[in-house]
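All residue numbers in the sequence shown are consecutive under the working numbering, ending with 202.
C-beta: ideal position from N, C-alpha, C; glycine also.
Quick caveat: nothing in here was measured; it's all calculated off a predicted structure.
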Amino acid sequence: MELTDFPLIKMKSGRLAYGGDQEWFSRWRQRFSGCAAVSGANLASYYELGIEHDGGENSGHKIYTFESYLREMNVFWKYMTPGYKGFPYMWKYIEKFKQFAKDNGAEAESVNLEHWNSAGEASSFVRGAVGEGNPAVMLVLGHKAPEMRENTWHWMTVTGYDEKNDRVIISNYGEREVYEAKRLFEPDPANDVNLTFFRIKR
1 MELTDFPLIK MKSGRLAYGG DQEWFSRWRQ RFSGCAAVSG ANLASYYELG
51 IEHDGGENSG HKIYTFESYL REMNVFWKYM TPGYKGFPYM WKYIEKFKQF
101 AKDNGAEAES VNLEHWNSAG EASSFVRGAV GEGNPAVMLV LGHKAPEMRE
151 NTWHWMTVTG YDEKNDRVII SNYGEREVYE AKRLFEPDPA NDVNLTFFRI
201 KR
């Protein structure tokens, strides 16, 4: 189960990126702490709020030009400009995305999961979001798994769930990444992970 119309971005090299990448920003501060803005742009482009895909389609995925996607990322930087600690607040992300939706003629209702007793609870939450046709947003503040070392204090976009192999599909730095759900969502004092998704009403 994966969102087949999640945005792809046509790079100047010709390759297709899977969602946005904070490394595309022009300023160092944006490249260092622009992950919230990128995930917001991923949602906005998926729901076509304030941006329309302009590069055709590929197997159902909407394709955007690099220039138009970067413009959308910069719009979201204004909504989700990080402070000196970055942007590590789920409530603030929700508030800012709802404001963006309102500014673009829509209403966004959030569905949140901040604490769970088993990995299965979080997996079920993701399956529910994707099953409804919604990407989820994941904030990872800390995690003990070695493969998550570079993904802490970081926002990512959840785009699918491989039920056969119990794996979560994620857009991260413009790449399609897959993680074992049991490890990613394992309840542990060292793991600080939050999830939300939005239902959009126009």
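- In the DSSP assignment, R199 is bridged to E109.
- Residue pairing for N194: DSSP places it in a beta bridge opposite L139.
- Taken through DSSP and simplified to helix, strand or coil, K12 comes out as coil.
- With contacts defined by Cβ atoms closer than 8 Å, L16 and P88 do not form a contacting pair.
- For a cut-off of 8 Å, the C-beta gap from Y84 to A36 is around 14 Å, too long to register as a contact.
- Between the segment 177-188 and the segment 140-148 there are three or more C-beta pairs closer than 8 Å, enough to call the two in contact.
- The C-beta separation of R127 from Y161 comes to about 5 Å, placing the pair in contact by the 8 Å criterion.
- Boundaries of the alpha helix (DSSP H) harbouring S123: 119-131, taken from the DSSP string.
- The Cβ-Cβ distance between M73 and A106 does not fall below 8 Å.
- For M148, the secondary structure class from DSSP, reduced to helix, strand or coil, is helix.
- At least 8 Å separates the beta-carbon of K62 from that of S39.
- Nearest Cα to Y64 within the set M80, Y173, R176, Y18: Y18.
- DSSP links I170 through a beta bridge to V158, E177.
- Three or more pairs of CB atoms, one per stretch, sit closer than 8 Å, so the segment 66-80 contacts the segment 19-31.
- With respect to the 8 Å criterion, L141 and D188 are not classified as neighbours on the basis of their beta carbons.
- For Y64, the uninterrupted beta strand (DSSP E) segment begins and ends at 61-65.
- For R167, the closest C-alpha among the options W77, A108, A122 is that of A122.
- G83 is bridged by DSSP to G86.
- Within the model, the alpha-carbon separation for K102 versus M80 is close to 15 Å.
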